[in-house]
Every structure is written in structure tokens, then in C-alpha cells.
DNA sequence: AAACAGTGCGCG
DNA sequence: AAAGCGCGCACTGTTT
């Protein structure tokens with residue numbers, strides 16, 4: 162349970178709810194012709210792949226085994242076929258003992274059937290959850306997703322009917338397919354403004370670790386790069402953009418969320434092959450690690466201590482230094498914060514909410530940060546809606562995704578809007594909430610006039 | 001027919 | 001002591 166504790170906390174949600182209702186009312190314009198066409202095309206594509214799949218040997222076995230109960234959508238059936246009838250060793254079980262058949266597990270099964278199966282599954286997701294999911298909620302060419310403030314345990318928002326906060330973007334093909342349906346109004350363009358690293362910045366308000374505050378405030382410092390160097394035992398000149406990416410997403414963020422070195426080691430090691438990582442001087446990373454005396458990953462079993470010389474052992478050492486030396490103050494804060502929760506059963510967030518009830522250690526550490534980070538966006542969003550009206554601007558806010566705002570902007574207002582959003586989200590917010598102890602930054606992505614959300618490109622914010 | 005748990009997968 | 005946090009939606013298979 163999270164409850165408003167201070168009057169200001171109540172007001173934040175009250176004003177936020179009104180602003181979000183207005184955003185829901187505005188709605189996002191949908192290219193209904195494209196949507197209809199794409200649904201038809203995708204259905205055909207799935208059908209073609211399905212027919213091909215059913216011609217294969219595996220599918221024939223499947224039909225023989227399950228007869229008229231055959232259902233190619235059934236994970237239970239898939240597991241039985243692969244791991245019983247085809248006698249492929251099952252790499253992982255679910256917590257209830259079923260065969261695990263998610264993408265990650267199936268990727269380890271090297272079989273043409275599995276490849277095609279996953280392709281179909283991906284398209285199916287695009288069709289049912291997104292293309293059709295959007296279509297059924299469109300009214301007069303506009304989509305009006307709900308944004309809730311009363312659902313989540315952390316006091317983030319959520320969105321439904323349809324969920325506007327999980328539209329594909331990481332997978333380029335899927336992202337383009339779906340986001341082409343989201344368009345700007347006549348003579349307008351879609352603009353997205355994101356906070357950069359808001360959770361990391363807001364965490365600093367809780368732990369106040371001086372080295373972290375340095376990293377956030379000093380543009381010459383780069384934590385993700387530094388950690389990539391340590392994890393892969395590199396010299397600073399050897400780091401590529403890719404390597405930095407995996408340092409960030411396989412070590413730094415998982416560590417902040419409470420992951421263990423075992424998971425980090427596995428992910429960092431796996432990335433070397435899947436992303437074919439090489440140093441800047443074009444040395445394959447596995448070979449580089451070999452030259453540093455590391456030849457194997459290790460068992461990555463949390464119950465056993467790792468062997469010296471394994472990659473797992475090395476990452477354990479990196480983790481130790483990360484919390485024991487580099488971010489000592491942050492580590493102490495985590496310990497103290499958790500102990501305090503255990504002894505009194507509740508905690509107070511920076512934005513004035515009480516979190517109470519049973520929580521695990523990682524939840525106690527993460528909830529207040531996640532909630533307050535979103536509240537930065539909520540406050541800014543509310544202020545922005547008000548400012549747009551005050552200046553009689555035609556820009557409409559049409560959506561929100563935890564740390565970003567989507568607006569539908571008349572071409573003429575683009576620069577004004579970018580500057581206004583920037584001021585509200587950085588300067589005005591930090592003036593209002595003095596507990597924010599690091600500078601905040603935003604980034605803008607802009608779509609072409611009359612274009613779709615799939616065409617967003619980074620743009621410098623004018624001063 | 002409706003509700004539930006379980007699984008998988010999309011996002012921050 | 002626990003083992004990465006938060007959501008919504010589609011679907012299967014079972015229970016009410």
C-alpha cells in the first residue's frame with residue numbers, strides 16, 4: 162500500500178489526474194487506412210508461415226500426438242513435443258515444473274522448426290495485442306488510452322485500453338510496423354520529450370552518494386563506459402558503442418535494481434557471442450579475455466562460490482568493488498534504508514507518500530525511487546498542460562510513458578514547445594522540489610510534419 | 001459463461 | 001536473507 166502522507170502529495174495526484182484526463186480526451190490520431198491494410202497483410206503473412214510450418218516433420222508429429230486437440234499456440238504442447246518426443250534436453254523448467262518455452266530458452270534449441278515458430282509468435286503478438294488491440298479502441302480516428310494513478314504499488318502510473326506504455330520500439334521491424342499507425346494531426350508533428358536517466362538521478366536524492374552525484378553532474382564522466390571497461394578488462398581506448406551498451410544494460414542497471422553478479426556475468430558473457438563484440442582495435446572480445454587469463458564463464462550458481470579465473474569470478478570482484486569502493490555511500494544507504502523499513506514497517510518517499518505492507522529487500526530499495534521518478538514527470542506534465550493553455554498554444558499532450566511525454570505539435574510551435582518543455586521539466590521542477598540534488602536533463606525526438614511515430618529522430622533543443 | 005492461475009512478451 | 005523492480009494483454013487449461 163502507498164498512501165499520500167502530505168497535503169502536497171494529495172495535490173500532486175489530484176492535479177495529475179485532471180491533467181491526465183485531459184490528455185485522454187485529446188487522444189492520438191490513428192492512420193486507420195494503414196492499420197486496416199497492415200492487419201490484413203500481417204494475417205496473410207502469418208497464414209503463409211503457418212502453412213509452411215505445418216508441412217514440416219515436427220508439425221506432423223505434433224498432430225499425430227495431440228490429434229484433434231492440436232493447438233500450435235499451446236506452450237504445454239510445444240514443450241511435450243520438443244522435450245519428450247524429440248528428446249531434446251530441456252534447459253529450464255518453470256516454477257511449477259513445466260517446460261519453459263520462452264524465446265530465450267527456445268533459442269538454445271537449434272532447429273529450423275523453432276526458428277519459424279518464433280517468427281510466427283512475434284507476428285502473432287504484433288497482430289493480436291497491438292494492431293487489433295489498437296483498432297478495437299479507435300473512435301472516429303482517435304485512440305484514447307487510459308492513464309491510471311491508482312493502480313501500481315510504487316505509485317507510478319499505468320495505462321490500459323490499450324496500454325500506451327508498451328508499444329514495441331526495441332525490435333525495429335515490430336516497432337515500425339506498429340508505430341506507423343500513430344500519426345500527427347493535420348499540419349502537426351509528433352514530439353517526444355524524455356528525461357535522461359531520471360531513476361538514477363532521483364536515487365541520488367535518497368542515497369546522496371558523492372561519487373554518483375559526480376557521475377550525474379559531470380558530462381566528462383561516463384559510468385557505463387567505466388563499468389564496461391572493468392567488466393571486460395579493457396583499456397579506455399578499446400571501448401566501442403556496443404560494448405558500452407552491454408556494460409550499461411548487463412551490469413550497471415541490473416546492479417541498481419538488485420541483480421547478482423551471477424546474472425550479470427551470464428548476460429555479459431552471452432552478449433559477446435550474440436552481438437559479436439570486438440574491441441575498437443578489432444580484437445574479438447573472447448580472445449581478448451583469454452589474453453587476460455579468462456577462458457570460461459563458470460557455473461553461475463548463486464549457492465556456490467565461483468572458481469578463480471572464471472568470468473563469473475571476475476564479475477563478482479567487479480561487483481564487490483562497485484558497491485564496496487566506488488559507491489560505498491549508496492551501498493550504506495541501501496542497508497540503512499532496508500533496516501529502517503524492517504524496524505518500523507513503512508517508509509516515506511521524497512514526494513510525500515507512505516509505502517507500507519510486506520515488501521522484499523529489493524522492493525524496499527526500488528519502490529521509492531521508481532515512484533518519485535515518475536512523480537517528476539507527473540508534476541512536469543501537469544505544469545506543461547497549464548502553461549500551454551496560458552500561452553494559448555495549440556500543442557496537445559497526447560500521452561505519457563513513465564519518463565517521457567508525447568505531444569502533437571503544430572509545426573509553427575515546435576521550437577517554442579521544445580523550450581517550454583525543457584524549462585518546465587528541468588529548471589521549474591528543480592526549483593519546486595529542492596530535494597532534487599543533481600541537475601536534470603531531457604532529450605527530444607521529433608517526427609516529420611504529417612509523419613508517423615515510427616519516424617522519430619533526435620533533435621537538439623533550442624536555447 | 002466467467003473467473004482464475006500460469007506463462008510469455010511488449011514497454012520503462 | 002534473498003537471489004532485478006514496475007505494469008497490461010493474449011492465450012491455454014482448469015475450476016466455479
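In the working numbering, the protein residues as written are 162 to 624.
Note that CB positions come from ideal geometry on N, CA and C, so glycine has one too.
The alpha helix (DSSP H) with residue i in it runs from where to where?
i           : result
residue 367 : 359-368
residue 425 : 422-435
residue 475 : 472-482
residue 490 : 489-505
residue 559 : First-last for residue 559: 557-561, but that is the beta strand (DSSP E), not the alpha helix (DSSP H).
residue 515 : That residue, residue 515, is in no alpha helix (DSSP H); its beta strand (DSSP E) goes 514-517.
residue 452 : 446-452
residue 535 : 522-551
residue 585 : It is not in any alpha helix (DSSP H) - residue 585 carries neither H nor E in the DSSP assignment.
residue 280 : 273-286
residue 590 : 590-593
residue 510 : Element bounds for residue 510: n/a, residue is neither H nor E.
residue 416 : 414-418
residue 233 : Note, residue 233: premise wrong, no alpha helix (DSSP H); not H, not E.
residue 226 : 218-227
Tell me which residue opens and which closes the beta strand (DSSP E) that residue i is part of.
i           : result
residue 192 : Run containing residue 192: none; DSSP gives neither H nor E here.
residue 408 : Unbroken run through residue 408 is the alpha helix (DSSP H), 402-408; no beta strand (DSSP E).
residue 604 : 603-607
residue 264 : Here residue 264 belongs to no beta strand (DSSP E); instead the alpha helix (DSSP H) covers 264-268.
residue 570 : 565-571
residue 618 : 618-620
Quick check on the burial criterion: 16 or more other C-beta atoms within 10 angstroms. Buried or exposed for residue i?
i           : result
residue 399 : buried
residue 596 : exposed
residue 300 : exposed
residue 627 : Residue 627 cannot be examined here, being either before or after the span of the chain that is shown, 162 to 624.
residue 572 : exposed
residue 418 : exposed
residue 561 : buried
residue 552 : exposed
residue 609 : exposed
residue 462 : exposed
residue 416 : buried
residue 588 : exposed
residue 586 : buried
residue 482 : exposed
residue 388 : buried
residue 583 : buried
residue 503 : exposed
residue 613 : buried
How big is the Cα-Cα spacing for residue i and residue j?
i           : j           : result
residue 368 : residue 484 : 13 Å
residue 495 : residue 488 : 11 Å
residue 260 : residue 593 : 52 Å
residue 117 : residue 166 : Residue coverage of the chain in this structure runs from 162 to 624, which leaves residue 117 outside it and unanswerable.
residue 598 : residue 420 : 26 Å
residue 622 : residue 342 : 26 Å
residue 186 : residue 179 : 11 Å
residue 141 : residue 304 : The question about residue 141 has no answer here: the residues shown for the chain are numbered 162 through 624.
residue 422 : residue 373 : 20 Å
residue 468 : residue 272 : 33 Å
residue 457 : residue 474 : 10 Å
residue 132 : residue 196 : Absent from the structure is residue 132, since the part of the chain shown begins at 162 and ends at 624.
residue 254 : residue 237 : 12 Å
residue 365 : residue 554 : 35 Å
residue 432 : residue 413 : 15 Å
residue 563 : residue 318 : 7 Å
residue 603 : residue 579 : 10 Å
residue 460 : residue 424 : 11 Å
residue 507 : residue 358 : 27 Å
residue 329 : residue 336 : 5 Å
residue 454 : residue 464 : 24 Å
residue 530 : residue 524 : 10 Å
residue 617 : residue 332 : 15 Å
residue 385 : residue 510 : 27 Å
residue 624 : residue 268 : 48 Å
| query | Should the stretch 397-415 be called in touch with the stretch 424-439, which here means at least 3 C-beta pairs below 8 Å? | reply | Output reads yes: the stretch 424-439 touches the stretch 397-415.
| What are the uninterrupted segments assigned as alpha helix (DSSP H) that are 4 or more residues long and contained completely in the stretch 310-392, given in chain order? | Counting only runs of 4 or more, we get 333-340, 359-368, 371-378, 384-392.
| message | If contact is defined by three or more beta carbon pairs under 8 Å, each pair taking one atom from either stretch, is the stretch 309-320 in contact with the stretch 255-266? | response | Taking 8 Å as the limit for Cβ pairs, the verdict is that the stretch 309-320 does not touch the stretch 255-266.
| task | Could you tell me which uninterrupted beta strand (DSSP E) segments, each at least 3 residues in length, are contained entirely in the stretch 237-262, listed from first to last along the chain? | result | Complete beta strand (DSSP E) runs here, min 3: none at all.
| Stretch pair the stretch 370-385 + the stretch 439-454: three plus CB contacts closer than 8 Å | The stretch 370-385 makes no contact with the stretch 439-454, as fewer than three CB pairs between them are under 8 Å.
| task | Report yes or no: do the stretch 282-300 and the stretch 199-208 share at least 3 C-beta pairs separated by less than 8 Å? | result | Judged by Cβ distances under 8 Å, the stretch 282-300 makes contact with the stretch 199-208, as three or more pairs qualify.
| Meets three-Cβ-pair contact criterion under 8 Å: the stretch 453-473 and the stretch 341-355 | Flag = no, the stretch 453-473 and the stretch 341-355 do not touch.
| query | Do three or more CB pairs link the stretch 291-298 to the stretch 187-198 at distances below 8 Å? | reply | The stretch 291-298 and the stretch 187-198 touch, with no fewer than 3 CB-CB distances between them shorter than 8 Å.
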